[in-house]
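Trainee:
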Amino acid sequence: MMEGDESMSERRSCAVMTASCRSEAADPAVSRRGFIAGIATAGVFTGVVSLAPGVTLISVADAKPVEEAASAKQRWGILIDATKCDSGCSVCVDACRQEQGWEGHGRPTSDPQWIRKVNINDSSTGRKFSLPVMCQHCASPPCVDVCPTGASFKRADGIVLVDRHICIGCRFCMMACPYKARSFVHEETEDQRSHMPRGKGCVEACTLCVHRIDADRLPACVEQCGAKGSGAMLFGDLNNPGSDIAKRVAVYATTQIRTDLGVKPGIYYQGI
Amino acid sequence: MAMKSIVYRELEGKSPGFFAVVGVIGLFILAGLGAAFYMEYNGHYVTGMNQQIVWGMPHTFAVFLIVAASGALNIASIGSVFDVAVYKPLSRLSGLMALALLAGGLAVLVLDLGRPDRLIVAMTSYNFKSIFAWNVILYSGFFVIVAAYLWTMMSRDGKPYYKLAAFIAFLWRLTLTTGTGSIFGFLVSRQAYNSAIMAPEFIAMSFSFGLAFFLLVLVAMFKGAGRELGDVVVTRLQRLLAIFVAAVVYFVTVQHLTNMYSAGRIGVEQFILRDGGAYTFLFWVVQIALGSIVPLVLLLLPVLRGHRKSLILSSVLVLIGGIAQIFVIIVGGQAYPLVLFPGVEVSSSYFDGVVGSYAPSLPEIMLGLSGIAITLLLAVLACTVLRFLPATLSDAAVEADAH
């Protein structure tokens, strides 16, 4: 997407939402979205105080106002500290599944997985560690390059999404993704979340919880990792030098997965 | 030109044999449509495809037919662009087969989409950075250009534009196959594919598969219609097929040698060439031995020169080897796990580090075969209504036409 194309950004940010986006556009008098966003924002401000045992959860307060289009001023990212991540823990995965509603049908090879825990064993050194892998929200995403219809797109703030209205289900993006981060919906979906429409025959992936970010909330995986897990995930704006994530990546040695490909992921890892 | 030696005539289309052939083809098409509906209605979990093998049997057949389509046009190109007179009487059928093969391949590709009902979106919403979107334009253009090319061959009004159309069609078909090869060549994250050689390799494959398919249809139609196919044409095509098969072997060799030289890609090479089980078998036994070496021997042995049955067998083997080759490229390349963390062992609930499993399901195979059936039906019907086929390709007629 071109920077500065705000009407496009607006359309795109709506595209992953739900029919509620469209119904509000049709009836501006009913500002349900604004109402919900207001509640959510208030909740987070109180939530941050009560939830924040350390620096990890505070840095989200610089999200854009809900009526404003996404902008390249922000570059959302997550820093994952693999030294804190426990191989037996799947809090982030459970949180994502619960939040986005991608429960499977008991068929592991065809069920979707937006986020997974990868356990790593370096037999040359004996070191073992674990980390979550999800859509890496690349700055130069191969999935966006190959998508024939433009359904795969990158929002101005770096969040990579799928526009479910124009995805034709060709799966070329899945062939192109270096991270195996995308899933094809192989069968009927049930119990969809109102913020996350899913459909058989389309491709989907981690949205970085764009619906939460736009409401000044943390992605579900990060929130739950902080609340119930080991606090290994830090979310924030990499473009804001004052944010905790920007400070951490400026000081500590971090890396991204497959930096050799030059796709510049927004997900950073520490201790791998 | 001394005299008008080549006369073109429609297939009669009235014999019981004709209706039997059309009926069998029709059954395959119905089975394919039923299979597509079954897969779309239930969702793709009823197929052998999964989250790791996202392209399977339908894509193997679709890519095979699309590649063969551009190759089938080769006969016409040699006749009109390179002025080799012997090929000119075959040009109409060559153009027709190109269109029919592309239609068959695209039908399979579209019917396997997760949302085939959104085909109109693919036609109206373009991401111009996508090689797939380029291909949509290349395929559509191919239909228009080859149709125009056929018009210049078959209509008196079109004659003045014959050379121009031939030249544009030739360039377009090279571009089209470059586009098909680049679907794989541009995949930066897949070690099995990401190479510029995929484009010329696909062009060589198109020459070989397209000619083999063309040959089988030519022989079958001439046999069915009781028309004469002389030794001049047969020996020419026999030699040409040998050259094309050898060209594919050359590109395949370079592709694998290049990959083997790179330490980071040795894993996928070892998988395909040595440890890959079914994929290794398909590569060495079906693609290389049966699909390349045996046909080369059959096509080049002097004692088999002009031998019809040997040519038919060679063409069939080239096609089977070709399908195996595309299956190994598409499915084998996905079965080898993506390398996220080089040099370490990985495991996850999403099959990281594990060779992908894929067992083609019957509906997928039926959908794939229906692509071939669609191609054949279009070709047969077109030959009954328009004059695509020469009344004879006897040596005398071909020689007279060439002088």
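Sequence lines, in order, name chains A and B.
In this text, residue positions in the first sequence follow my numbering: the first is 686, and each later residue adds one.
In this text, residue positions in the second sequence follow my numbering: the first is 72, and each later residue adds one.
Positions of the beta carbon are idealized from the N, C-alpha and C atoms, including for glycine.
Counting only Cβ-Cβ distances shorter than 9 angstroms, please list the residues of the stretch 849 to 870 of chain A near chain B, keeping chain order.
Mentor: Listed in sequence order: H850, I851, C852, I853, G854, C855, R856, F857, M859, M860, A861, C862, P863, Y864, K865, R867, S868, F869, V870.
Trainee: Determine which residues share a DSSP beta bridge with W243 (chain B) and list them.
Mentor: Its beta-bridge partners do not exist; DSSP assigns none.
Trainee: Which of the three DSSP states, helix, strand or coil, is assigned to R867 (chain A)?
Mentor: It is coil, neither helix nor strand.
Trainee: Give a yes or no on whether the C-beta atoms belonging to M918 (chain A) and P793 (chain A) are separated by under 9 angstroms.
Mentor: Contact: no.
Trainee: How is the alpha helix (DSSP H) around N478 (chain B) delimited, first residue to last?
Mentor: This structure cannot speak to residue 478 (chain B), because chain B is shown only from 72 to 474.
Trainee: Which residues bound the alpha helix (DSSP H) around N206 (chain B)?
Mentor: First-last of the alpha helix (DSSP H) with N206 (chain B): 202 to 225.
Trainee: Can you pull out the residues from the stretch 804 to 817 of chain A whose beta carbon lies closer than 8 angstroms to at least one beta carbon of chain B?
Mentor: Cβ contacts with chain B come from N804, I805, N806, D807, S808, S809.
Trainee: What separation, rounded to the nearest whole angstrom, lies between the Cα atoms of Y954 (chain A) and G762 (chain A)?
Mentor: Looking at the two C-alpha atoms, the distance is approximately 11 angstroms.
Trainee: From M269 (chain B) to M168 (chain B), what distance separates their C-alpha atoms?
Mentor: If you take the alpha carbons of M269 (chain B) and M168 (chain B), they lie about 24 angstroms apart.
Trainee: When DSSP labels each residue in this structure, what does Q396 (chain B) get in the three-state scheme?
Mentor: Three-state result, Q396 (chain B): helix.
Trainee: For Q798 (chain A), which of helix, strand or coil comes out of DSSP?
Mentor: Q798 (chain A) falls in the coil class under three-state DSSP.
Trainee: Can you pull the chain B neighbours of P950 (chain A), defined as C-beta to C-beta under 9 angstroms?
Mentor: By Cβ distance, chain B contributes nothing, its closest Cβ being about 11 angstroms from P950 (chain A), past 9 angstroms.
Trainee: With 9 angstroms as the threshold, decide whether the Cβ of R670 (chain A) is near any Cβ in chain B.
Mentor: Residue 670 (chain A) lies beyond the range of chain A shown here (686 to 957); nothing can be said about it.
Trainee: Applying a beta-carbon distance threshold of less than 8 angstroms, which residues of chain A neighbour I202 (chain B)?
Mentor: V831, listed in chain order.
Trainee: Mind listing the chain B neighbours of L946 (chain A)? Cutoff is C-beta to C-beta under 9 angstroms, in chain order.
Mentor: Near L946 (chain A) (Cβ distances below 9 angstroms), the residues of chain B are V259, S260.
Trainee: Please state the DSSP three-state secondary structure of R902 (chain A).
Mentor: Coil at R902 (chain A), not helix or strand.
Trainee: Given this structure, state the Cα-to-Cα distance separating K302 (chain B) from V888 (chain A), to the nearest angstrom.
Mentor: First, the amino acid is wrong: residue 302 (chain B) is Asp here, not Lys. Each residue's alpha carbon lies about 54 angstroms from the other.
Trainee: For F153 (chain B), is the classification buried or exposed, using 16 other Cβ atoms within 10 angstroms of its Cβ as the cut-off for buried?
Mentor: Exposed, because fewer than 16 other Cβ atoms sit within 10 Å of the Cβ of F153 (chain B).
Trainee: Should P797 (chain A) be flagged as near chain B, meaning a C-beta pair shorter than 9 angstroms?
Mentor: Yes, its Cβ sits closer than 9 angstroms to a Cβ of chain B.
Trainee: What number of angstroms, rounded off, separates the C-alpha of V155 (chain B) from the C-alpha of I149 (chain B)?
Mentor: Distance between the alpha carbons of V155 (chain B) and I149 (chain B) is about 6 angstroms.
Trainee: Assuming P129 (chain B) contacts G439 (chain B) under a Cβ cut-off of 8 angstroms, what Cβ separation, rounded to an integer in Å, is found between them?
Mentor: About 6 angstroms; that satisfies the 8 angstroms criterion.
Trainee: Which value, in whole angstroms, describes the spacing of the CA atoms of G338 (chain B) and V417 (chain B)?
Mentor: G338 (chain B) and V417 (chain B): Cα-Cα distance of roughly 15 angstroms.
Trainee: Would G914 (chain A) pass as an interface residue toward chain B - the criterion being a Cβ-Cβ separation below 9 angstroms?
Mentor: It does not; no Cβ of chain B falls within 9 angstroms.
Trainee: Helix, strand or coil for D922 (chain A) per DSSP?
Mentor: The answer is strand: DSSP assigns D922 (chain A) an E or B state.
Trainee: Per DSSP, what kind of secondary structure is N121 (chain B) in: helix, strand or coil?
Mentor: In this structure, N121 (chain B) counts as coil in the three-state DSSP scheme.
Trainee: Taking CB distances under 9 angstroms as the criterion, tell me whether I400 (chain B) reaches chain A.
Mentor: With 9 angstroms as the cut-off, I400 (chain B) does not count as an interface residue toward chain A.
Trainee: State the CB to CB distance for the pair I143 (chain B) and G281 (chain B), rounded to an integer number of angstroms; the pair is presumed to be in contact (CB under 8 angstroms).
Mentor: The amino acid at residue 143 (chain B) is misidentified as Ile; the sequence shows Ala. A143 (chain B) to G281 (chain B), Cβ: 4 angstroms. Contact.
Trainee: Taking buried to mean at least 16 other C-beta atoms within 10 Å of its own C-beta, is F199 (chain B) buried or exposed?
Mentor: Result: exposed.
Trainee: Counting only beta-carbon separations shorter than 9 angstroms, does I957 (chain A) have a partner in chain B?
Mentor: Closer than 9 angstroms to some Cβ of chain B, the Cβ of I957 (chain A) qualifies, so yes.
Trainee: Taking DSSP as the reference, what is the three-state secondary structure of S386 (chain B)?
Mentor: S386 (chain B): helix per DSSP, three-state reduction.
Trainee: For the alpha helix (DSSP H) that P271 (chain B) lies in, which residues bound it at each end?
Mentor: P271 (chain B) -> alpha helix (DSSP H) spans 269 to 296.
Trainee: Considering just the uninterrupted stretch of the beta strand (DSSP E) at I96 (chain B), what are its terminal residues?
Mentor: Counting along the chain, I96 (chain B) falls outside any beta strand (DSSP E), though it belongs to the alpha helix (DSSP H) covering 87 to 113.
Trainee: What does the alpha-carbon distance come out to for the pair D825 (chain A) and E111 (chain B)?
Mentor: According to the sequence as given, residue 825 (chain A) is Ser; it is not Asp. Taking the straight line joining both Cα atoms gives about 32 angstroms.
Trainee: Taking 6 angstroms as the limit between beta carbons, can you name the residues of its chain near P366 (chain B), skipping five residues before and five after?
Mentor: Excluding sequence neighbours, P366 (chain B) sits near V316, S385, L388, V389.
Trainee: Taking 8 angstroms as the threshold, find out whether the stretch 200 to 213 of chain B comes into contact with the stretch 234 to 251 of chain B through three or more Cβ pairs.
Mentor: Enough Cβ pairs lie closer than 8 angstroms, so yes.
Trainee: Determine the chain A residues that contact S428 (chain B) at a beta-carbon separation under 9 angstroms, and present them in chain order.
Mentor: Chain A residues near S428 (chain B): T794.
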